[in-house]
Each structure stands twice: as structure tokens, then as C-alpha cells.
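One structure below.
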Amino acid sequence: MSIFSNRLASETSSYLLQHATNPVDWYPWGDEAFNKAKLENKLVLVSIGYSSCHWCHVMEREAFSNTEVTEFMNNNFVNIKVDREERPDIDQIYMNAVQIINRNGGWPLNCFTLPNGKPVFGGTYFSIKDWLDVLKNLNNTWINDSNRIIDVAEELSQSVGGTEVIRFKRDIDTFSTDVLKNYSSSLKKLFDTRNGGIKGAPKFPMPGLLDYLLEYAYHLPDKEMLDYVFLTLNKIASGGIYDHLGGGFSRYTVDENWHIPHFEKMLYDNAQLISIYSKAYRINPDKHYLDAVKYSIDFVINELRAPEGGFYSSYDADSEGHEGTYYIWTKQELEAILKEDAELFSVAYGVTATGNFNKSNVLIQSASNEQLASIFSLDIQTVELKILQSKHKLIEHRKLRVKPALDDKIILSWNSLMISALTEAYISFGEANYLEAATGCANYIQEYHYSDNQLKRVYCKGKLAINCLLEDYAHLIKAYVSIYKITLDKKWVNNAESLLTTVIENFYDESSGMFFYASTIENKLIARKMDLTDGVTPSSGSIMAQALFEIGTILKKDEYILMSNQMLANISDSLNHGGPYVFGWAKLVLMQQLSAIHLTINPDIHKFQLNQILSKVLCSTIFTSVSLSSTQCTETANNIKICIGKSCYPTSSDTNYYVDLINSTKI
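Positions 616 to 1282 (the numbering used here) are the ones given, in order, by the sequence shown.
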């Protein structure tokens, strides 16, 4: 019997392919769908999700596979499916519309529009009954009172176009330390001082916020804030959000204790968490941080790396039709697999007969090795060995299970985050394969992500798609700079500046001094918007401003620094009321406040010493450069030259001398 397939069958996106056998007459985003809607005078459904989204799967099974529902959809609407990871610019606009309507949003995102794409109404997940009611009510209103819907769409479109509108600020403020103190102090009321993270549930790690707080607290210094960051990192590393067997982090937890995750594993989360644990280790060398980095990188390299050298997007939350099945264990399973070591492992990871999730157990580190040694009258080494052996047995058993689905899209911005993460891990731990993976991914991007000299956002199944957005360029510039800082290979900073030139040509808005999210080439949506609000990842605006500051400092080009300063001035009022969603901009203020630290080295002599220094310091404003030849600069040929701000210091053969100088830098 042949299986029905719709227009999505020819797409490469895993998410779109998940809907390719729906009886819905889905269209991919494009002119064909909107032209049909105009010709037939029908409303459009823009349904947006991503492949590892649990509730997207639920709605697909319930509504988009139901004959009555899909017949009504096909007869009365033009239906478009969008992978938000491929087209975050489309998602941004319709998410904005749904948030204006409902004051919240999420995925699946279902937004109804006029035939011209202007939003009318929307929401997230709908039960099958509610969905059918929405379809019928909207269609009835469109047939009988279309002017009412058109009026709503016009008003809503104006609201969408008016959000995040930035005005050019003529007076560029000089920010003081007080700005950072006030901003950081305002965040403290949001902190969960028992569990770490932000109060309430669901709980997202927000690694970008932690990154800012870590460096701010270290350089101020603010011990209370630093302890809060360490508490958060400790709780995440011991919680169910971390995969204690295979490494890697889930996207978030449904509870406030970091215990029960939504089990999807996203590349961008893992990249950012690898970065923050690597940085935290430099000032707090906790073995749990080392393990979190090591095993998470192992997961990314072993499970997400493509043969070409890039990294796939994610693993699904579901397998065998249920959420978390791949990751959870019953007490009986552990007893059968681990035998005499089952009780020790159960105490170590909080495993009980009743379970903590669907009568099974998400593994949560519940006892330290020292506590286990005391409880079971064993020495520490024996406990460590038994835990390691038990994990190995469970990993082997888990391989027999059906794995969650892999989304094999390679997204440029997420890969750029992973490059930066690998360079941070290399700095902290000196593992050569981390740097090799970082440069391998960067080389992959240069080889595979260009088409007709146009940088593309997505590579999947041998095909390129989607012109890059600002987030892709901004994160890639930062990634190239991160490689340059530790390799001192000038090609990487040259590549970064070349990208910067492209961004200024195609994304810069002279009237506001800011950058649009999509380039002039992609200006086909109902609004051209900026991306300025930080969230689970930093906004492309704040990352772009940081990149301008870094490139300007490295290349001594004041015009880039001036552009960065202008962006920060334009957004400055948000630092007073932006809460945890302006941390990327606060990080830029911090970078401005910290003195630039220039290390000039002879790469033939000092690469090992350079990494010894960098592995023991935490500072975003360290800039490395290659010394002149020994005949031009005898002093630097034999020792590393260091300048902090406008002061240069004597050289030394002792790396600790440089570490102490850098660590004495405060704001």
C-alpha cells in the first residue's frame, strides 16, 4: 500500500519531513503558498515548530493526522509548515504576533494570516477539539465579515513592526561601574538561592546570563554573586537535566530543582554550557565541571558530528512514542543489570522503586562519593570504580534501546557557538582534540556553506539552504576570533573582518546605528526586524556589538569600536529595566570597563606558555598578537610582552607572573 505524501516530502528538514505523510496539504514557506491563498481568497495557517519539540509531535499525531480536521484545513485554508531552526526570522515575526495576542508563546506556534502574510490570530498547542473550533470560527468570520479580520491584521501588523524599534542616540554615554552594579543587583531578586537559576519552573539554564554573572562577579568582586553562579552550575551538573551516562544537557526541566527534563538535547545549549563550565573551572577547578565538559564534548563529537566536520542540531525528546524512554530506568532494570552494585548506584543517583518520572527514574546525583564510601563502608577509589563500571554497563544496555530521532540539519550559528565552546574547553583543559574539532568545524564551514559566494545558514543531506541571518554572521565572527586568539593564525581574524564587511553592507541600518536580523537580500517578510533581546542564546544584536568591539580592538580600527559604542548607547535604557534579557549588552559594558590586556608573543616559542596563562585566568578582554621578528623586538622574542590598558609591564619567563597580573585586573 502506498503511503500518502505531501509537498514536504521533497524538503530536507527533519521537522518538515515529520509532516510529509500528514493528510494536510502542507506547503513549505514560499511564494507558491501565498499566491494560492490570494488566488483562492483563503486565510493562511503558518504552523511553526522544530524536530525535537515534544508538543509539536503531540499536535501532529492528534490534529494533523485526523481526517475530519485535515479535510477542513485543506478545504478552507492554505497550510504552511516552517522549521523555526531553519527560519528563525519567520518565527520571530509570528511569535511576536502571538505574544501580542496572548502575552505568551511557544511551540508549536500556529498563526493564521491574511493571504499577504499579515497575522490575524494564533496560539501554541491546541487540543483537537479546540483546534477544530478555531478553524471553524475563523473561517466563518472570514466568509461573513472579512473586513473585521483585515482590520485586526492591519493593527496587529503595525504592532509587530513597531516592537524593538531603536532610535539613534546622538550622545554616546560613557558607562560607569555603577551601571553594572545596579543591573546585576536588580537581578538578585530573581535568583533561586536554593536551587540556582531563576526562580520558578520550567527552569532553563540561561548559560549566557551565567557567563556574564561569572565574569562580573569575579572582576568586581562580588562573592555572593559568584557563589550563586557556582551553586547554579553545581545543581545543573548534578540534576536530571544532565545525562549522567552519555553526557550532554537537555534543554530545560519542568520542575524548579533541575530534576525532570524535557529530554531533547540541543547543540546550542550544549555548546554554551560547555563554555561556561570551562570558564568556571579556571577559577574554581571542581572535578564536576571538568567531567561535565569532558563527557558533553564526547557526546557532541561522538553523537552529533557529521562526517564533513560540522555538528548536527539535536536529538528528540521522544523515542518509541514516549518522552524520555531512552534515558529513564526502573529499579528492577538496575538490579537485573548491575546485580550487587545496584544498591550503591541507586543511592548515588536517587533511584527508587516508585520512581520520579512515569514510574521510572531520571538519574539525579543524590550522594557524593564520600557519602557513598561512608554508607557502604568502602574506600573512595572502590566507590569511583564501581560507579564507573555501573555507568559503562548501563550505557551498553542503553545502546540496545531505540534512540531518539536525530535532526541532521547543520546550522551555521549553532556550529559557531560550538567552535567557541571547543576553544574555551581547549584553553581550560589543553586537550588537543578540542582545538582540532574547533578548527575542523571552521574549515568545514568555509568548504561547505558557500554557494555563489553567498554564506548559507543550513546544510542538510548534501544541500545548502537559507541565506545567513545576523546571528549566523555574528557568532561565526566570534568563533573565528576565538580560534585566532589561541592559534595566532592571522587568517582567522582576516576571515572575521571579511564577514564583518559583508554584515555592514547588508544588515546595517544607518538611521538607527543598529543591524537588522535579516539582510537586504531577504527583505520579503511583513516587517524587517532587529534581534535585541537576549534569551536562551544571546541576541544577534548584542553578539554583533561584542564582535565589533573585539575586531576593532585586535585590528586597532576605531570605526568598529565606535559602531559598537553606538549600538550600546542606543540600547542603554534597556539596562535599567531589561531584567535577565539584556545580559549580552551588560557583557559589552563589562568588556568596556575592563582594561584591554594585550599579550604579544613569539608563536614559535610561547604557544605552550600562552595556554598555561589563559587556562588560569578569566577575562574577556585578553587580546593576543604575534610579535615582530627578533631583530625588531628582541625583548618580545624571548618573553611574552604584556600591556594592560595603557601600561606595559616588564617581561618574565614565569607564567605565574602574567597570571597574577591579569587576575589583579578589576573593574
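Note that CB positions come from ideal geometry on N, CA and C, so glycine has one too.
A distance of 7 Å or more separates the beta carbons of L825 and I813. In the three-state DSSP reduction, C1263 falls in the strand class (E or B). The region 909-916 makes contact with the region 849-864, as at least three CB pairs between them are under 8 Å. The region 670-684 makes no contact with the region 699-713: fewer than 3 CB pairs, one atom from each, lie closer than 8 Å. When DSSP states are grouped into helix, strand and coil, P643 belongs to the strand group. Counting only runs of 4+ residues, the alpha helix (DSSP H) found wholly inside the region 1156-1244 occupies 1173-1186, 1198-1208 and 1218-1229, in chain order. In this structure, the beta-carbon distance from Y883 to T1152 falls below 7 Å. Per DSSP, the beta bridge partners of P734 are T728.
Between N1121 and S1113, the beta carbon gap of about 13 Å keeps them out of contact (Cβ cut-off 8 Å). Going by DSSP, I663 is part of the beta strand (DSSP E) stretching over L658 to G664. Within the DSSP bridge table, the entry for I695 names Y642 and V661 as partners. For T969, there are no CB contacts under 7 Å within the same chain when 5 residues up- and downstream are skipped. Classified as exposed, P817 has fewer than 16 neighbouring CB atoms from the shown chains inside 10 Å of its CB. Cα atoms of A895 and Q996: separation of roughly 26 Å, rounded to the nearest angstrom. Residue nearest to L978 within the set A1036, I856 and D933 is I856 (criterion: CA-CA distance).
The beta carbons of P1019 and S934 sit about 5 Å from each other, so the pair counts as a contact at 8 Å. In terms of CA proximity to F878, I943 leads the group I943, G815 and G823.
Rounded to the nearest angstrom, the gap between the Cα atoms of D1275 and M1206 is 19 Å.
Taking all protein chains in view, the Cβ of S629 is crowded by 16 or more other Cβ atoms within 10 Å, so the residue is classified as buried.
Assigned with DSSP and collapsed to three states, I990 falls in helix. Straight through space, the alpha carbons of K1281 and I1228 are spaced by roughly 17 Å.
In this structure, DSSP gives P876 an extended state, which the three-state scheme calls strand. With respect to the 7 Å criterion, K946 and V962 are not classified as neighbours on the basis of their beta carbons. In this structure, DSSP gives N976 an extended state, which the three-state scheme calls strand. Judged by DSSP in its simplified three-state form, Y857 adopts strand.
The residue among G664, G1128 and N1278 with its C-alpha nearest the C-alpha of E1174 is G1128.
For L747, the enclosing alpha helix (DSSP H) stretches over residues I743 to N759. If you compare the alpha carbons of T1054, I1081 and D786 with that of D1067, the shortest gap goes to I1081. Selection L949, A1047 and A832 evaluated against K1202 yields A832 as nearest (Cα-Cα).
Counting other Cβ atoms within 10 Å of its Cβ, H1192 stays below 16 and is therefore classed as exposed.
Taking a cut-off of 8 Å on C-beta distances, the region 1171-1191 touches the region 786-803, as three or more cross pairs fall below it.
Here the region 971-987 makes no contact with the region 1010-1029; the two share fewer than three CB pairs at distances below 8 Å. Taken atom to atom, the span from the alpha-carbon of S1126 to that of I781 is near 9 Å. Straight-line measurement puts the Cα of E647 at about 37 Å from the Cα of A1111. Looking at F926, I663 and L846, the one whose alpha-carbon comes closest to that of D901 is L846. Nearest neighbour of F960 by Cα position, chosen from L987, G939 and E938, turns out to be L987.
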